[in-house]
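*Asks:*
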Amino acid sequence: MMNIKPIKTEQDYKTALKTISPYFDNEPEIGSPEGDFLEVMLLLIEAYEAKHYPIEPPDPIEAIKFRMEQEGLTAKDLVPAIGQLNRVYEVLNKKRKLTLGMIRKLHQQFGFPLEHLIRAYEL
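Residue numbers for the sequence shown follow the numbering used here, so the first one is 258 and each next one is one higher.
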C-alpha cells in the first residue's frame with residue numbers, strides 16, 4: 258500500500274515531496290492510515306531538509322526590525338527595553354551591540370525569541 262523508506266538522496270527527497278503533495282489538497286484524517294503515512298513522511302522530509310538545507314537564524318537586529326514592522330512598533334516603543342531613543346537608533350543601525358539586559362527586556366516585554374537575540378553573541 259504505502260511505501261515508507263529513509264530519504265538518503267536528493268532523488269529520494271523529490272520523490273517523497275511528490276508522493277505527499279496530493280495530501281495537501283485533500284488532507285487525510287489524523288490517525289487514519291493515510292494520516293499516519295503523511296505524518297511519518299513529513300518527519301522524514303523535515304529531517305532531510307534540516308540536514309541538507311539548514312536555515313540560519315536571522316540576524317538579531319533584522320529580527321527586531323521585522324517584528325517592529327509586523328506589529329507596527331516604532332523606535333519609541335523600544336525605549337523601555339533598550340534605553341533612550343538615541344540608543345534605540347544606535348542599536349537598530351548596528352552602531353551599538355545589544356546588551357544582555359536589553360536582550361532580556363526585549364524578550365520579556367515584546368516576546369522576542371531569545372535564540373534570535375542571543376545570536377549576536379555567537380557571531
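Glycine residues also receive a C-beta, built at the ideal position from the N, C-alpha and C atoms.
1) State the start and end residues of the unbroken alpha helix (DSSP H) segment that holds Phe-369.
2) Find the nearest neighbour of Thr-266 within the set Asp-334, His-309, Arg-344, judged by alpha-carbon distance.
3) From Glu-313 to Pro-285, what does the alpha carbon distance come to, in whole angstroms?
4) Counting along the chain, where does the alpha helix (DSSP H) carrying Asn-280 start and finish?
5) Find the nearest neighbour of Arg-324 within the set Lys-262, Leu-349, Lys-354, judged by alpha-carbon distance.
6) Whole alpha helix (DSSP H) runs in the stretch 282-369 with 4 or more residues, listed along the chain?
7) With 16 other CB atoms within 10 Å as the buried threshold, where does Pro-317 fall?
8) What do you reckon, are the CB atoms on Tyr-270 and Ile-277 nearer than 7 Å?
9) If you reduce the DSSP assignment to three classes, tell me which class Leu-380 lands in.
10) Compute the Euclidean distance between the alpha carbons of Leu-374 and Gln-327, then round it to the nearest angstrom.
*Replies:* The structure says:
1) In the sequence shown, counting from the first residue as 1, residue 369 sits at position 112. No alpha helix (DSSP H) holds Phe-369; DSSP gives it neither H nor E.
2) Here residue 266 corresponds to residue number 9 of the sequence shown, with the count starting at 1. Residue His-309 is the option with its Cα nearest to Thr-266.
3) To locate residue 313, count along the sequence shown from 1; it is residue 56. To locate residue 285, count along the sequence shown from 1; it is residue 28. Glu-313 and Pro-285 have their C-alpha atoms spaced approximately 32 Å apart.
4) Working through the sequence shown from its first residue, we reach residue 280 at position 23. It is Tyr, not Asn, that sits at residue 280 in the sequence shown. Residues 267-282.
5) Taking the first residue of the sequence shown as position 1, residue 324 is located at position 67. For Arg-324, the nearest C-alpha among the options comes from Leu-349.
6) 290-309, 317-328, 336-339, 342-349, 357-367
7) For the purposes of this step, residue 317 is taken as residue 60 along the sequence shown, with counting starting at 1. Buried.
8) Residue mapping note: residue 270 aligns to position 13 of the sequence shown, counting from 1. Residue mapping note: residue 277 aligns to position 20 of the sequence shown, counting from 1. Result no, Cβ atoms of Tyr-270 and Ile-277 do not sit closer than 7 Å.
9) Indexing the sequence shown from 1 puts residue 380 at position 123. A caution first: Leu-380 carries a pLDDT of 44, below 50, which makes its placement in the model unreliable, though a value can still be read off. Leu-380: coil per DSSP, three-state reduction.
10) By 1-based counting over the sequence shown, the position of residue 374 is 117. By 1-based counting over the sequence shown, the position of residue 327 is 70. Whole-angstrom Cα-Cα distance: 17 Å.
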